[in-house]
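Position in the sequence shown (first residue = 1) + 377 = our numbering. Below: one structure, written as structure tokens.
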Amino acid sequence: MRQFARLSFLLFGVLLQKAMPQTAAEPPKLITKTEAVSIAFAQNQTIRAQRLNIDQSKASEITALLKPNPNFTTIVDTIPIFSPSTIRFSTQIYSENLSYTVERGGKREKRGVVAKDNTEVTALTTTDNERTLRFSVVQGFINMLLAKSVLDLAKDDLANFSQSLELNHARLVAGDLSEGDYIKLELQKLQFEQDVSGAQLNLAQARAGLRQQLGYQSVAEDFDVVGTLLHNKQPVTLDELQRLALANRPDLQSAHASVKLATDTVALAYGNRAKDWTWGGDYTNQNGGINGVGVSFSIDVPIHDRNQGEIARSQVAVRQSVEQEAATRAGVLTDVVNAYAALRSNDEIVNLFESGYLDQATQSRDISNYAYTRGAATILDVLDAERSYRATQLAYRQALAALMTAAEQVNEAVGMQVIP
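Here it is, written out as structure tokens:
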């Protein structure tokens, strides 16, 4: 009996757990660059709002292809309102009319083509906005990697200098170091502490900026990024990048689609020049039991309005869209040239650092410290070597971040991922 009660209690617990609403999954706290882009595409409120423009345009396609509704009219005539006592049901004239407009000139089909063209332009514009969003997210990701690297550098420098300060304090106590030199070292520590505080602020701001791009609630408040600042050589050529850009840039494809939209709008303007036919039929019941039917036909006589203005406007719009397409193409090629030049320039800068300047800065600091402990250098020499080392290390990290950002600018300029 006791086992049965226990089983009943467990079964009740399982059913209760299934009946309770499931809590939402916790936002991620550790993300890679690929995950950051995926989260932004799914959660960024601005791009989600822009995607709804596509749905609105598709709804406009439905409206464009709708046929006119039939028109029903009912009339009660000859009501003697000044002699209400003579009003009788059988003394009035009742007339019912049903009419329908027949669209001519292929208006409905041409409206549908223009509406589909608008949807294509809207979709390509949204894709181009996603291209821009991807670059913004990756740039924010790289900025956060740089901020983390700079903070680690500042903390390491502070820890190393604090250890050196402790050793020099022992020398001060032992009488091997003057108090004036030790005070200069202590004052230098303030600069290291300020560097740490500034690096912490930069990291917090970089995290907030990236979180805004991802969608504020899509990641944890204290989320972190996975990755390091790297120097990856990419064998890309300017001619190949330009060829890929002309084939893949969504803003250029949108410009192509805009030319087609303008051309189809001219065809619609000519179609709207054709006047529609309205056919109708009516039934009339007159007092005295007289019944009759009739037919009607109406059409606008195109004496003045033949849609000349809209035809002229749409023809000018075609020329305008062709000019905009040419301007967009030139802009795409310019973007690729600028991005490629920035990539090469930043790669050369990183190569300079890695060709020996990093090692020289480290050696200069170590030699100055060693010489100072042997009395062959002054405290000013030590501080100057330390400043040079810090500046070189900081500049190297900034150069790596600039190189990675330049690589992503190449991807943005081309419209596809040519550099991973």
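Note that CB positions come from ideal geometry on N, CA and C, so glycine has one too. Predicted model, so just to flag it, every value in this text is computed and none were measured.
{"query": "N662: first and last residue of the uninterrupted beta strand (DSSP E) it sits in", "result": "654-663"}
{"query": "Contact set for P404: own chain, Cβ-Cβ below 8 angstroms, skip 5 residues either direction", "result": "Q594, S595, V596, A597, F600"}
{"query": "Residue(s) in a DSSP beta bridge with I408", "result": "V602"}
{"query": "The stretch 531-542 touching the stretch 578-585, judged by at least three CB pairs closer than 8 angstroms", "result": "no"}
{"query": "Beta-carbon proximity of A694 to E497, cut-off 8 angstroms", "result": "no"}
{"query": "Beta-carbon proximity list for E702, same chain, < 6 angstroms, skipping 5 on both sides", "result": "A632, V636"}
{"query": "Local conformation of E785 per DSSP, three classes", "result": "helix"}
{"query": "Backbone CA spacing between V550 and E570 [nearest angstrom]", "result": "24 angstroms"}
{"query": "Candidates R511, K487, N446, of which the one nearest I416 by Cα", "result": "R511"}
{"query": "C-beta atoms of S476 and T661 nearer than 8 angstroms", "result": "no"}
{"query": "Cβ-Cβ separation, Q590 to S513 (assumed contact under 8 angstroms), whole Å", "result": "5 angstroms"}
{"query": "Close Cβ partners of I688 (< 8 angstroms) along its chain, the five nearest in sequence each way excluded", "result": "V643, A646, Y647, R650"}
{"query": "Contact between the stretch 416-433 and the stretch 615-630 (3+ Cβ pairs under 8 angstroms)", "result": "no"}
{"query": "Range covered by the alpha helix (DSSP H) that runs through N474", "result": "Note, N474: premise wrong, no alpha helix (DSSP H); beta strand (DSSP E) at 470-479."}
{"query": "For V613, the first and last residue of its enclosing beta strand (DSSP E)", "result": "Premise fails: V613 is in no beta strand (DSSP E) and is neither H nor E."}
{"query": "Per-residue DSSP class, three states only, for S555", "result": "coil"}
{"query": "Short Cβ contact (8 angstroms threshold) for L771 with V603", "result": "no"}
{"query": "Cβ contact (3+ pairs, closer than 8 angstroms) linking the stretch 611-619 and the stretch 785-794", "result": "yes"}
{"query": "Buried versus exposed, by CB contacts within 10 Å (16 or more), Q516", "result": "buried"}
{"query": "Runs of alpha helix (DSSP H) lying entirely within the stretch 659-738, each at least 4 residues, in chain order", "result": "685-729"}
{"query": "When A779, A776, V795, I756 are compared against Q565, the one with the closest alpha-carbon", "result": "I756"}
{"query": "Closest residue to Y749 among D558, R696, T614 (Cα-Cα distance)", "result": "D558"}
{"query": "Best match in A419, D628, G658 for proximity to F449 [C-alpha to C-alpha]", "result": "G658"}
{"query": "Alpha carbon of R548 to alpha carbon of E763, nearest angstrom", "result": "20 angstroms"}
{"query": "L735 beta carbon less than 8 angstroms from that of Y773", "result": "yes"}
{"query": "Distance between beta carbons of T478 and D653, contact taken as under 8 angstroms", "result": "5 angstroms"}
{"query": "Proximity to E507 [Cα-Cα], best of D628, G669, A576, H608", "result": "D628"}
{"query": "Three-state secondary structure assigned by DSSP to T755", "result": "coil"}
{"query": "V453 (DSSP reduced to helix, strand or coil)", "result": "strand"}
{"query": "Segment limits, alpha helix (DSSP H) that includes S631", "result": "627-650"}
{"query": "C-alpha distance - L780 paired with L554, whole-angstrom precision", "result": "44 angstroms"}
{"query": "Burial state of D641, where buried means 16 or more other Cβ atoms lie within 10 Å", "result": "buried"}
{"query": "Endpoints, the alpha helix (DSSP H) within which I424 is located", "result": "422-441"}
{"query": "Collapsed DSSP secondary structure at N446 in the structure displayed", "result": "coil"}
{"query": "Collapsed DSSP secondary structure at A597 in the structure displayed", "result": "coil"}
{"query": "Cβ-based burial, Q611 [other Cβ within 10 Å; buried from 16]", "result": "exposed"}
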